[in-house]
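Single-structure report; data block below.
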Amino acid sequence: VASIAMAVEDGPAVEMQVESTAAAPAPLDVRALLAASVESKAAAGRPSVAVDKEDVLSYDLGHLSAFDPSPIDEVAFKASGEEYLLQQARDNVQLLANKLYELLKEQPQKSVIMLPKPLSILPREKPLPKPRPLTRWEKFAQEKGIVKKKRSKMVWDEQMQQWAPRYGYGRANNPNDREKDWLVEVKPGDDPNVDPFETKAEARRERLNKQKRQEERNRLEAAHAAGLTSRGAGAGMGKVSGLSSASDRKSYLNQAIAATQLSTASVGRFDKRLEHEPSKGRGKRQQYASATDQQHLKADKERATSVVSRMFPEGAMAKSAAISADKAEKVARLAEESSNRQKKLAKNAAKTKKVAPSKAAPSKAAKPSLGAKASAKGGRKPGAGVKKGKPKTSIKRGKK
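Going by our numbering, the letters in the sequence shown line up with residues 161 to 560, in that order.
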C-alpha cells in the first residue's frame, strides 16, 4: 500500500491510498556470482578456476590425461625458471578438472563422474602370459581328434529301470552297490576261499590310487614344462628345460622325493610311508684318513707337497725338502730328550739302592756309607747326618 499525494485540478491536494502489487524478484545470475567470487579470490591471492590461457590441450579423459602442444616461452623460463613450469602445469591441470566437471553436467547422477573410453592405447607392462601346457590326455585327444561333449546328469539304470544320477549318491549302474550286485559268479579255477566282494573292493582301491598317481605325475610334468617348481615361477628354468628324456625326468623326480622325505622336523623319522613310495636313502658317512696307516701318511704328504708346489711354484722342491728337514730335526730332538730322561731316571734309581737303611751301628770292617763319607770330610761324626728310615731322593724329571 502506497500513500500518494495527488493535486486535483482547481482543488486542494488530496491524499489517496493506492494498493499496488509487489514487483517480481529478478532471476539469479550465476555468472555474475562466479565472476564476483573469482574477483574476490583473486583479490585474496588464491588461484582461480578460470584459467587465463588459450585451451589448446588434447584431452584423453579415459586416462585422466591432457597433452599441451604449445612450446615453452624461453624468455619467461629464463626469467623465473621452475616457477614458470609449475604455473603451466597448474593451469593445465585446472583445464583438465574443468573438462571433468563438464562431463558431470551431462550425467544424471551428480556424485560420480563416468569417464569415457580411453582414446590412446597404452603398452603392456608385463609380457603376454604363456599358454598353459597340455596334459598327457589333452595331447592324446588333440592327436586323435577327440572332442569333449557335455553329458547329461541323469542316465537310465537298466537294473532298476529308472533314471538315476550319473555320479554321486545313488548313481546308476553302481558296481559297488550290494543291493544290486548281491550275487557274484564264481568262474572255474577261482579260489573258493577268497571273498569276491573284497577282491572287487581291493581292485577298485588300486584303480583309484593309480589314478591319483597319474594325476600327480601329469601335474608335475606340466609344471616342469612351464618352468614352475615348488619355489615359484621361473625357478630352475635352465635345469627344467633340459629334462627332455624320460630318464632325466625320473632322476629329477627321485631327487625331489628324496629331498621331501627329509624336509620335516623329525627328518622323516616319524613320517608315514605312502604306498609305492621309494625307501629313504641313507647318506654316506664321511671317511677320514687314518693317522697311523703308511699309505694314508704317504698320500697326505703328497697332498701337502702339491699344495706347496702350487703356492711356491718356483722353489717347490726346496720348500718340500726344507719341510722334511725340519720334521727330521724335530723327531731327532725329541728322541734325544727322551734318551736323556731315561738315563737320569736310571742313575737316580742306582743311587737310591746304594743308600740302605740300618738300625745297628756300622762295624769297623764294614764299608762306610755315603752319609759317613760326607761326615768324615766335613769333620762330623759318622752317622750324624744320616736319619733313620728310608732316605729321600730328589729326581728331576725332564720335559716330555
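The beta-carbon is built from N, C-alpha and C at its ideal position, and this holds for glycine as well.
Ordered along the chain, which non-local residues of its own chain (more than five positions away) have a Cβ less than 8 Å from that of residue i?
i	result
residue 306	300
residue 406	none
residue 414	438
residue 362	none
Count the other CB atoms within 10 Å of the CB of residue i; is the residue buried (16 or more) or exposed (fewer)?
i	result
residue 332	buried
residue 384	buried
residue 180	Summary for residue 180: the model assigns pLDDT 40, below 50, so the residue's position carries little reliability; its value from the coordinates is reported in the next sentence. With fewer than 16 other Cβ atoms within 10 Å, it is exposed.
residue 398	Unreliable positioning characterises residue 398 in this predicted model, as indicated by a pLDDT of 45, which lies under 50. The coordinate reading is nonetheless provided below. So residue 398 counts as exposed.
Quick check on the DSSP output: the beta strand (DSSP E) that includes residue i runs from which residue to which?
i	result
residue 261	It is not in any beta strand (DSSP E) - residue 261 instead sits in the alpha helix (DSSP H) that spans 242-266.
residue 220	218-220
residue 226	225-227
residue 322	322-325
residue 274	First-last for residue 274: undefined, no H or E at that position.
residue 315	314-317
Taking the alpha-carbon of residue i as reference, which of the options has the nearest alpha-carbon?
i	options	result
residue 263	273, 255, 254	273
residue 214	208, 230, 223, 224	230
residue 412	426, 487, 377	377
residue 360	373, 372, 343, 433	343
residue 323	381, 189, 314	314
residue 292	464, 498, 506, 379	379
residue 381	410, 265, 267, 326	410
Leaving aside the five residues before and after residue i along the sequence, list all residues of the same chain whose C-beta is less than 6 Å from its C-beta, in chain order.
i	result
residue 219	226, 259
residue 450	456
With residue i as the anchor, note down where its alpha helix (DSSP H) starts and where it stops.
i	result
residue 408	406-421
residue 471	454-471
residue 342	Where residue 342 is concerned, there is no enclosing alpha helix (DSSP H), given that its DSSP letter is neither H nor E.
residue 298	296-304
Determine the contact status of residue i and residue j, defining contact as a CB-CB distance below 8 Å.
i	j	result
residue 275	residue 221	yes
residue 269	residue 211	no
residue 224	residue 252	no
residue 435	residue 369	yes
Please list, in chain order, all residues of the same chain as residue i whose beta carbon is under 7 Å from its beta carbon, the five residues on each side excluded.
i	result
residue 358	none
How about residue i: is its C-beta nearer than 8 Å to some C-beta of chain D?
i	result
residue 463	No chain D appears in the structure shown, which is made up of a single protein chain.
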